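A.B. asks:
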Ligand code: VGL
Ligand code: ZN
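In the working numbering, the protein residues as written are 1 to 183.
1. Quick one: give me the first and last residue of the alpha helix (DSSP H) that residue 154 is part of.
2. What residue range does the alpha helix (DSSP H) around residue 58 cover?
3. So does residue 29 have its beta carbon nearer than 7 Å to some heavy atom of the ligand VGL?
4. Tell me the rounded alpha-carbon separation between residue 133 and residue 125.
5. Which parts of the stretch 81-137 are runs of the alpha helix (DSSP H), unbroken and 4 residues or longer, counting only runs that do not cross its ends?
6. Along the chain, where does the beta strand (DSSP E) containing residue 48 start, and where does it finish?
7. Within the stretch 2-33, note down every full alpha helix (DSSP H) run reaching 4 residues or more, in order along the chain.
8. Please classify residue 34 as buried or exposed, where buried requires at least 16 neighbouring CB atoms within 10 angstroms.
9. Express the C-alpha separation of residue 122 and residue 14 in angstroms, rounding to a whole number.
10. Could you give the distance in angstroms between the alpha-carbon of residue 180 and the alpha-carbon of residue 138?
11. Cα separation between residue 120 and residue 62?
12. Based on the DSSP output, what are the partners of residue 78 in its beta bridges?
13. Under a Cβ-count criterion, where at least 16 other Cβ atoms within 10 Å of its own Cβ denotes burial, should residue 74 be classed as buried or exposed?
14. Use the C-beta contact count for residue 148: other C-beta atoms within 10 angstroms, 16 or more gives buried, fewer gives exposed.
15. Is residue 171 close to the ligand VGL? I mean its beta-carbon at under 7 Å from any heavy atom of the ligand.
16. Assuming contact is defined by CB atoms lying nearer than 8 Å, are residue 5 and residue 42 in contact in what I supplied?
17. Name the one or two DSSP bridge partners that residue 182 has.
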């Protein structure tokens with residue numbers, strides 16, 4: 001599909017086998033790798049949760065989550081099955097401000113300080129295909145922000161992992177009602 005891009009959200013170790021391991025992560029990774037295929041023609045952008053050790057979303061700071069995706073740890077690395085697709089300038093980091101929870105990848109920034117939204121516009125992308133972790137949090141918030149910004153958004157429902165099954169299906173229903181395509 002011309003003018004399309006794939007955005008892979010938080011397919012990083014703490015959400016796969018670490019402190020916040022999510023349901024169906026292995027299947028989501030395998031299905032995403034299959035979707036990408038051997039000769040993909042679309043850019044692949046990676047959203048990465050990337051917290052300082054004292055982040056406000058951690059239980060010790062009064063937040064809801066165990067420490068996860070701490071900068072410089074294995075838990076913050078993208079899963080190895082995507083290594084051959086990862087380009088640093090297309091990695092968008094979020095949650096770096098210790099005082100701010102940031103579920104959406106839309107305002108995530110690459111090493112040059114460009115946001116995901118800016119780079120998708122620079123690439124003249126119109127259709128954003130999304131997959132990743134967690135359906136109820138980062139995937140949903142990123143999809144909604146992309147839609148608000150005017151992109152056509154498709155979520156690959158077999159390429160998602162979630163914190164809780166119930167929340168996963170509620171998030172899918174909500175996204176569909178808002179005009180996000182499920183494929
Ligand atoms: C996320 C929980 C904590 C997410 C981030 O990106 O889905 N979930 N931090
Ligand atoms: Zn986080």
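All C-beta atoms in this analysis are idealised placements derived from N, C-alpha and C, irrespective of residue type, glycine included. Remember, it's a predicted structure, so these values are computed and weren't measured experimentally.
C.D. replies: Taking the geometry as given:
1. Residue numbering aside, residue 154 sits at position 154 when the chain shown is read from its first letter. Per DSSP, residue 154 belongs to no alpha helix (DSSP H); it is in the beta strand (DSSP E), 152-161.
2. If you number the chain shown from 1, residue 58 lands on position 58. No alpha helix (DSSP H) contains residue 58, which DSSP labels as neither H nor E.
3. Within the chain shown, numbered from 1, the residue matching residue 29 stands at position 29. The answer is no for residue 29.
4. In the chain shown, counting from the first residue as 1, residue 133 sits at position 133. In the chain shown, counting from the first residue as 1, residue 125 sits at position 125. Looking at the two C-alpha atoms, the distance is approximately 22 Å.
5. 116-122
6. The residue labelled residue 48 in the question sits at position 48 within the chain shown. Here the beta strand (DSSP E) through residue 48 covers 44-49.
7. 13-16, all fully within the stretch 2-33.
8. The residue you call residue 34 lines up with position 34 of the chain shown. Exposed, since its Cβ has fewer than 16 Cβ neighbours within 10 Å.
9. Locating residue 14 in the chain shown gives position 14, where the first residue counts as 1. Locating residue 122 in the chain shown gives position 122, where the first residue counts as 1. Their Cα atoms are separated by approximately 31 Å.
10. For the purposes of this step, residue 180 is identified with residue 180 of the chain shown, where counting begins at 1. For the purposes of this step, residue 138 is identified with residue 138 of the chain shown, where counting begins at 1. Rounded to the nearest angstrom, the two C-alpha atoms are 15 Å apart.
11. Within the chain shown, numbered from 1, the residue matching residue 120 stands at position 120. Within the chain shown, numbered from 1, the residue matching residue 62 stands at position 62. The alpha-carbon atoms of residue 120 and residue 62 are separated by roughly 35 Å.
12. Numbered from 1 along the chain shown, position 78 holds the residue referred to as residue 78. DSSP output for residue 78 lists 12 as bridge partner(s).
13. In the chain shown, counting from the first residue as 1, residue 74 sits at position 74. It counts as exposed.
14. The residue you call residue 148 lines up with position 148 of the chain shown. The residue in question, residue 148, is exposed, as its Cβ has fewer than 16 Cβ neighbours within 10 Å.
15. Walking along the chain shown from the start, residue 171 turns up at place 171. Residue 171 Cβ: outside cutoff for every heavy atom of the ligand VGL.
16. As a first step, residue 5 is located in the chain shown; it is residue number 5 there, counting from the start. As a first step, residue 42 is located in the chain shown; it is residue number 42 there, counting from the start. If you check the CB distance, residue 5 and residue 42 come in under 8 Å.
17. Within the chain shown, numbered from 1, the residue matching residue 182 stands at position 182. Residue 182 is bridged to 155.
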